[in-house]
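Taken in order, the sequence shown gives residues 86 to 848; the numbers are from the working numbering.
Quick reminder that beta carbons are idealized off the backbone N, C-alpha and C, glycines included.
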Amino acid sequence: MKRLTLLLIGLAVCFTADAKVRRKPVRPLPTIEIITKVNDYWQSHHNPKTRSFWDEAAYHTGNMEAYKLLGNARWLAYSDAWARYNFWQGARETDPKKWKYANYGEGQDYVLFGDWQICFQTYLDIYEMQPDDYKIARALEVMDYEVRQPQADFWWWADALYMAMPVFTKLYKATGDVKYLDKLYDNFKWADELMYDKQEQLYYRDAKYIYPKVKTSTGGKSFWARGDGWVLAGLAKVLSDMPADYKNRAFFLKRFRELAQGVARVQRPEGYWSRSMLCEEDAPGPETSGTAFFTYGLLWGVNNGLLDEDTYEPVIGKAWNYLALTALQPDGSVGYVQPIGEKPDPTKTVNARSQANFGVGAFLLAACERLRYEDAKKSRVSLTVTIENPSDEYREQVIEVSADSVYRKMRIHGGRQFIVCDVAGLEVPYQLTADGKVLIEAGVRPKGKQTFTIRRGTPKVYKTVCFGRIFPERKDDFAWENDRGAYRVYGPALQKTGEKSYGTDVWTKNTPELVLDKRYWIEDVVMMPEVERLRQANRQRGDSLYRLNSYHHDHGRGSDVYQVGATLGCGAPALMVDDELVYPYCFNDYQMLDMGPLRMRVQLNYKPTVLNGDTVTEHRIITLDKGSNFCKMTVWYDGITMPVEFATGVVIHSDAKRGIVLGKDYLHYADPTDNVPVNNCQLFVATLFPNGVGETRFLPMKDKRGGNEGHAIGIVDNYSGEPYTYYFGSAWSKFDVRTQDEWQQRIDWTMRGIRQPLVVKMK
């Protein structure tokens, strides 16, 4: 008896402990934290190099929504890497005569099948910010072909209404051509007549499931939650991009409202929607993907005034509690997602460990709309930002305001939930940064001031001016640019080749438009494979194609004309031992911190190296703002135990030894470019030291190879590895600075702006 009592006590203790472990949180985390936790978890556990089929593409629709709301540059870079891995394409069959859609298929010939078209949504979202034609060339080719076809039976299953419908409205936004909206309407009408049940206000998954072909276990109609979730979410996306005056908008709006009613009517008491919407017994238990899509659609409808809040708030509240307290797992994963399928399948296990890419995408959509919903209920406050120019000359710069102060004063949790307007009431671009700033571009007259108003609202999608990314197609270059110039440093793939390229490269441009993506695309993705093929057959023809397309030649918008090699190039940092520069090699890894529209910021981390017996690791943060000729560099080193000299500067080439100017806190040089007779121009480069240096001087090279004479450098004495900030930059004689005297004036103006910045006040 005693042993039995002890056993029962032990079991009770175990059950109590287990209950403590399994107990759900009483209330959800703040929604903004949930978005970040879920998306960071997914991306940290999954490589973006996956195919562009529907399941992966559905995740990216959620990721792009999270990026648009919170502005996390890493999230944009993730979708950008996925798009490039897939060469901005869906299914890749090139012969339209072979294109299929009439049944399910994953082959490359299913070009007109919606599951291979959803990827175009993300490509178009990226194009809107960074408009390079090649990013949507395949989308235009495929969807234009579909528009020209007389039939309208492309969307024979409910999923397609999410996969393909928003592509058409996004193409309308990109081109302004109403033909995309008209084809959207024709296709949707056909699908609606096939699958919509007016009595239940729900959509069958496809014709196979139309009652009485398939019945529930109780003899009723079978509607699949994820299938109807695709439709409601797809309609929300379409209506968000469709112009208010489009002639057929009323039909889409009617179906959206009716479907919302049908969905709300069959919600389970626990907040979720069961896989079989009218008969949970067919596939018992909660399911997240359908629930998340429904939650997103209902929230979007309320947030945009298309659904009555009083009617739908109880439905939304229960649904969100399910998503945030049951579906969301402690580690940030999203559970209870029915695996890939097409029906309420009771043979497929659905539990906390049932996770999927499309389920995370749906969850992110719902969470983003939830944050907007929560903050829309708060009072609406407008703020005034005043920028004063204390100097006697015109100043233009990107100013910073504390994001937390804006959120607190406006009573929102965060994200892009406000707009910034000038005194004329016109919306102007702004940017949220990873270090908690709101950036606004300001231009202020001498002793003048400029005023902006911040108020609640949904901002436009702004065109990126400051851009940067890793280019794996060219040996892992990291390149970046703004409206004044472009730069690159070399990555781990180049280091593996043994090529000795250390410094910062400069690319010329004579346009405020972004050029890097297109240059790399033309040369390294499209041209070089063809050049190599031609060279094998005919060397002259291959070389001719190279000259006609290579970014090493100026085709009217600038080129790569700067010679770097085994030097500092323009502004790379280095340590010094016995008057010798210890060059950095290629970076080892990077973190994208900020990505436009007004600022690019990246952290580069280098492999450890041994210096004076110390194992030293270099880190850099590079920042480039709109309108600036200069990048801001903050560099630091881990592991330095004995002070050394720190140096940075620009390489001096043997073709032009005289164009060196050494100031007390700056240095600059008129570089002759790497092919003087052909280029016949000057590239002005400089480094600035607003925090001071011990000296600036010319340091000759002991071994003058490759046309390199030495360096103009600034030296910091007794350096122990602490963060040091300086600036480096360039201008081109064929663009915004014609002479070295003008370059001196630009340097002086920049230094005065750094030391006497604009004064920012907010109230």
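Exposure of residue i, with buried meaning 16 or more beta-carbon neighbours within 10 Å
i	result
Val348	buried
Ile120	buried
Thr396	exposed
Tyr208	buried
Phe715	buried
Val600	buried
Met149	buried
Arg840	exposed
Gln128	buried
Pro785	exposed
Lys532	exposed
Thr469	exposed
Arg618	exposed
Thr434	exposed
Gln440	buried
Val106	With a pLDDT of only 37 at Val106, under 50, the local geometry of the prediction cannot be trusted, and the value read off the model is given with reservation. The residue in question, Val106, is exposed, as its Cβ has fewer than 16 Cβ neighbours within 10 Å.
Phe474	According to the sequence displayed, residue 474 carries Asn and not Phe. Buried is the call here.
CB of residue i within 8 Å of CB of residue j, strictly
i	j	result
Leu408	Ala451	yes
Met718	Ile725	no
Phe198	Lys185	yes
Val646	Asp759	yes
Tyr212	Ala259	yes
Phe448	Val419	yes
His796	Thr652	yes
Leu773	Trp565	no
Pro216	Ala166	no
Glu394	Val400	no
Lys749	Glu794	no
Leu843	Val529	yes
Tyr809	Val822	no
Gln829	Gly744	no
Asp367	Pro429	yes
Glu78	Tyr675	The chain is shown from 86 up to 848; residue 78 falls before or after that span and cannot be answered.
Asp679	Thr518	yes
Asp568	Val550	yes
Met228	Ala310	no
Val263	Gln206	no
Gly799	Ala732	yes
Ile504	Val845	no
Ile221	Leu456	no
Pro728	Asn803	yes
Gly570	Gly792	no
Pro544	Glu584	no
Tyr421	Ala404	no
Pro658	Val720	yes
Leu154	Arg541	no
Beta-ladder partner(s) of residue i, from DSSP
i	result
Pro785	Gly795
Lys749	Answer by DSSP bridge pairing: none, since Lys749 is not bridged.
His738	Asn793
Gly553	Trp565
Val505	Val513 and Ile539
Lys717	Thr708 and Tyr812
Gly528	Glu481
Glu703	Tyr722
Glu226	Answer by DSSP bridge pairing: none, since Glu226 is not bridged.
Thr733	Pro658 and Gly799
Phe769	Ala755 and Ala816
Ser361	Trp309
Residue i: CB within 7 Å of a non-hydrogen atom of the ligand MN
i	result
Asn673	Questions concerning the ligand MN fall outside what the structure shown contains, since it holds no ligand whatsoever.
At which residue ranges does the region 575 to 599 contain complete alpha helix (DSSP H) runs of 4 or more residues, listed in the order of the chain?
Fully enclosed alpha helix (DSSP H) runs of 4 or longer: 577 to 582.
Quick test of the definition: if touching needs 3 or more C-beta pairs under 8 Å, does the region 300 to 317 touch the region 376 to 390?
Flag = yes, the region 300 to 317 and the region 376 to 390 touch.
Can at least three beta-carbon pairs, one atom from the region 266 to 284 and one from the region 171 to 188, be found at a separation below 8 Å?
The region 266 to 284 makes no contact with the region 171 to 188, as fewer than three CB pairs between them are under 8 Å.
Which parts of the region 371 to 416 are runs of the alpha helix (DSSP H), unbroken and 4 residues or longer, counting only runs that do not cross its ends?
For the region 371 to 416, whole alpha helix (DSSP H) runs of length 4 or above, ordered along the chain, are 373 to 388 and 394 to 407.
Segment contact flag, the region 192 to 208 with the region 137 to 149, C-beta cutoff 8 Å, min 3 pairs
The region 192 to 208, when compared against the region 137 to 149, does touch it at the 8 Å Cβ threshold.
Does the pairing of the region 495 to 502 with the region 523 to 534 give three or more beta-carbon distances under 8 Å?
Not touching, per the Cβ criterion.
Would you say the region 530 to 538 touches the region 501 to 514, given that touching needs at least three Cβ pairs under 8 Å?
Put simply, the region 530 to 538 touches the region 501 to 514. At least three CB pairs are less than 8 Å apart.
For the region 587 to 597 against the region 654 to 663, do three or more pairs of beta-carbon atoms, one drawn from each stretch, fall closer than 8 Å, so that the two count as touching?
Put simply, the region 587 to 597 touches the region 654 to 663. At least three CB pairs are less than 8 Å apart.
Touch check for the region 290 to 309 and the region 248 to 265: three-plus C-beta pairs under 8 Å?
Output reads no: the region 248 to 265 does not touch the region 290 to 309.
Is the region 689 to 703 close to the region 761 to 776, with three or more CB pairs under 8 Å?
They do not touch, by the three-pair rule.
Count Cβ pairs between the region 555 to 562 and the region 607 to 624 that sit closer than 8 Å; are there 3 or more?
Contact between the region 555 to 562 and the region 607 to 624 is present: three or more C-beta pairs spanning the two stretches fall below 8 Å.
Quick one: which unbroken beta strand (DSSP E) runs of 3-plus residues sit fully inside the region 614 to 692? Chain order, please.
Taking only runs of at least 3 residues, the beta strand (DSSP E) segments lying wholly in the region 614 to 692 are 655 to 662, 665 to 667, 672 to 680 and 684 to 691.
Are three or more beta carbon pairs between the region 331 to 349 and the region 289 to 298 nearer than 8 Å?
Counting Cβ pairs under 8 Å, fewer than three are found: no touch.
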